[in-house]
Amino acid sequence: AQKVTQAQTEISVVEKEDVTLDCVYETRDTTYYLFWYKQPPSGELVFLIRRNSFDEQNEISGRYSWNFQKSTSSFNFTITASQVVDSAVYFCALSEPHMNRDDKIIFGKGTRLHILP
Amino acid sequence: DAGVTQSPTHLIKTRGQQVTLRCSPKSGHDTVSWYQQALGQGPQFIFQYYEEEERQRGNFPDRFSGHQFPNYSSELNVNALLLGDSALYLCASSSERGGFTEAFFGQGTRLTVV
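So the sequences go chain by chain: A and B.
Residue 63 in this note's numbering is what sits at position 63 of the first sequence, and the numbering runs on without skipping anything.
To convert a position in the second sequence, counted from 1, into this note's numbering, add 117.
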């Protein structure tokens, strides 16, 4: 069965510190996608990244970076030089897509990140 | 270009009542999925609609039903409301055409059952 575990329920760091959000997943399939979404207080889920199971290259986008390690079934997310605007709930998620579409997405329970000024 | 829009934003219902939530997908999208997000939890997949038919369903009772219209908009209906149905209901849209598109989410409808 598919499962996503985000062991960190809540994290607080001081602004400008780096912070890493952990994500461990379980799936029996060889083809799958991993995601990170951000949920600000407004409630909307904001797409951050999608990574397919065949691409283990790490990715960097500005202050955000993602470390995908298939050997440990982990897809961790690091924010460098955090800012107060990064405060939100972050969800790691997994799907087994068909025909290039996003099928059912399985979400973790989320990590609430507080960036303190 | 409007994103995914959901209505209403907030709703309060009494146990046993029925509720209908609405979703308009992002322009160009033809697939709509619904998720339930209880307080402090991640979203849980309810079902997905494509070409006006339910294509996939999560582990939700038959009290949860849906519909997709020819213009791709969708409704989520919940009958015989329970207190445990109180949650944020999120709609996501995506497209079958032109390769992968990630799911775009609306801001949700916060349903409170009293």
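C-beta: ideal position from N, C-alpha, C; glycine also.
In the DSSP assignment, Phe75 (chain A) falls within the unbroken beta strand (DSSP E) covering Ser74 to Ile79. In the displayed model, Lys16 (chain A) falls within coil according to three-state DSSP, outside both helix and strand. Close CB contacts of Thr80 (chain A) within its chain, under the 6 Å cut and outside five residues either way in sequence, are with Asp18 and Arg63 (chain order).
Residue pairing by DSSP leaves Gly133 (chain B) without any beta bridge partner.
Per DSSP, the unbroken beta strand (DSSP E) holding Ser182 (chain B) starts and ends at Phe181 to Gln185. Take the alpha-carbon of Ala119 (chain B) and the one of Gln161 (chain B): they are about 25 Å apart. Between the alpha carbons of Asp103 (chain A) and Trp36 (chain A) lies a distance of about 15 Å. By the CB criterion at 8 Å, His146 (chain B) and Ser191 (chain B) fall outside the cutoff.
Within chain B, the residues Glu219, Ala220, Phe221 and Phe222 have their CB atoms less than 9 Å from the CB of Phe47 (chain A), given in chain order. Between Phe91 (chain A) and chain B, the shortest Cβ-Cβ separation is below 8 Å.
Ranked by how close their Cα comes to the Cα of Tyr90 (chain A), the residues A:Glu96, A:Phe77 and A:Val84 have A:Phe77 in first place. At the C-beta level, Glu96 (chain A) and Asp55 (chain A) stay beyond 8 Å of one another. At least one C-beta of chain B is nearer than 8 Å to the C-beta of Glu44 (chain A). Given a length threshold of 3 residues, each whole run of the beta strand (DSSP E) inside the region 138 to 187 of chain B is given here in chain order: 148 to 154, 161 to 167, 170 to 174 and 181 to 185.
Here Ile105 (chain A) is near Ala93 (chain A), since their CB atoms are less than 8 Å apart. Interface criterion not met: the Cβ of Lys70 (chain A) is under 8 Å from no Cβ in chain B. The residues Leu138, Trp151 and Gly183, in chain order, have a CB closer than 6 Å to that of Leu193 (chain B) in the same chain once the five nearest residues on each side in sequence are set aside. Beta bridge pairing from DSSP links Ser211 (chain B) with B:Thr148. The shortest C-alpha to C-alpha distance from Tyr33 (chain A) to any of A:Lys3, A:Thr20, A:Glu44 and A:Lys109 is the one to A:Lys3. Look at Leu113 (chain A) here: in three-state DSSP terms it is strand. In summary, Pro142 (chain B) is buried, with 16 or more beta-carbon neighbours lying within 10 Å of its beta-carbon over all protein chains present. Residue environment: Leu199 (chain B) is assigned as exposed (fewer than 16 neighbouring CB atoms within 10 Å of its CB, all protein chains considered).
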